[in-house]
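Before any comments, here is the structure.
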Amino acid sequence: MKVVPPAYHQYLYVFSKVKAYKLPPHHACDPHIKLEGLLPPVGVIYSLSKHESEILGEYMLENVEKGFIRPRSSSTGAPVLFVKKEDGGLCLCVDYHKLNAVTRKDRYPVPQMNQLLTVFNDSNIFSKRDLCGAYNLLRIKEGDEHLTALRAKY
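Numbering-wise (the numbering used here), the sequence shown opens with residue 1 and increments by one.
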């Protein structure tokens, strides 16, 4: 709190580590997964190396404790796999391609780059934020959560 000027103390909650590890409440604008027909089929459980299994176990335990995921049975489920990063580390991924295949796509125009640059034309201060893990704070519409189920050996 000493490094934050007093004028900004009303915004300290934005940087709360406690809130960063909790799901926000549901809102009317939560993303809805609109299916075009049938539920996606249940994905296979990919075989993992011992190291990958350890990482997956830690991930599952940590995210169950945070409330980001919860054990349950589901009529669908996407498999978990690991992708090697440039630095040699592993990135955990959930293979949602079967869900994506049966999801109705929202179509809306993407802003043109020159229009975006015009918005920032007179700006001279920019900031960059690393939102690692912020994806887990995105709530799915209540009732659609089962569609994002993952399948793992744990």
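Cβ atoms here follow ideal geometry from the backbone N, Cα and C, with glycine treated the same way.
As the structure is a computational prediction, the values presented were derived from the model and not from experiment.
**Asked** Buried or exposed: residue 78, going by 16 or more other Cβ atoms within 10 Å of its Cβ?
**Response** Translated into positions along the sequence shown, residue 78 becomes position 78. Residue 78 should be labelled buried.
**Request:** Round the Cβ separation of residue 149 and residue 76 to the nearest angstrom and send it over; I've been treating them as touching at under 8 angstroms.
**Result:** Residue 149 sits at position 149 when you count from the first residue of the sequence shown. Residue 76 sits at position 76 when you count from the first residue of the sequence shown. Sure, about 6 angstroms apart at Cβ, within 8 angstroms.
**Message:** Please return the same chain residues whose Cβ sits closer than 6 angstroms to the Cβ of residue 46, not counting the five positions on each side in sequence.
**Reply:** As a working note, residue 46 is residue 46 in the sequence shown. Around residue 46: 79 and 81.
**Message:** Would you call the region 137 to 153 in contact with the region 58 to 77, where contact means no fewer than 3 C-beta pairs closer than 8 angstroms?
**Reply:** yes
**Request:** Return helix, strand or coil for residue 82, following the three-state DSSP convention.
**Result:** Along the sequence shown, one-based indexing puts residue 82 at 82. Three-state result, residue 82: strand.
**Prompt:** residue 43: buried (16+ other C-beta within 10 angstroms of its C-beta) or exposed?
**Reply:** Working through the sequence shown from its first residue, we reach residue 43 at position 43. Residue 43 should be labelled buried.
**Request:** Inspect the beta-carbon positions of residue 69 and residue 144 and report whether they are closer than 7 angstroms.
**Result:** Taking the sequence shown and counting its residues from 1, the one referred to as residue 69 is at position 69. Taking the sequence shown and counting its residues from 1, the one referred to as residue 144 is at position 144. Not in contact: residue 69 and residue 144 (Cβ atoms no closer than 7 angstroms).
**Asked** Are residue 92 and residue 59 touching if we call contact CB-CB under 7 angstroms?
**Response** Translated into positions along the sequence shown, residue 92 becomes position 92. Translated into positions along the sequence shown, residue 59 becomes position 59. It is a contact, given that the beta carbons lie within the stated cut-off.
**Message:** Just to confirm before moving on: does the CB-CB distance between residue 98 and residue 41 stay below 7 angstroms?
**Reply:** The residue labelled residue 98 in the question sits at position 98 within the sequence shown. The residue labelled residue 41 in the question sits at position 41 within the sequence shown. Yes.
**Prompt:** residue 139 and residue 24 look like a contact to me (Cβ under 8 angstroms); what is the Cβ gap, rounded to whole Å?
**Reply:** Start at 1 with the first residue of the sequence shown, and residue 139 comes out as number 139. Start at 1 with the first residue of the sequence shown, and residue 24 comes out as number 24. The pair is a contact, with the Cβ atoms about 6 angstroms apart (cut-off 8 angstroms).
**Asked** Excluding sequence positions up to five away, which residues of its chain have a Cβ less than 8 angstroms from the Cβ of residue 64?
**Response** Indexing the sequence shown from 1 puts residue 64 at position 64. Cβ within range, chain order: 70 and 71.
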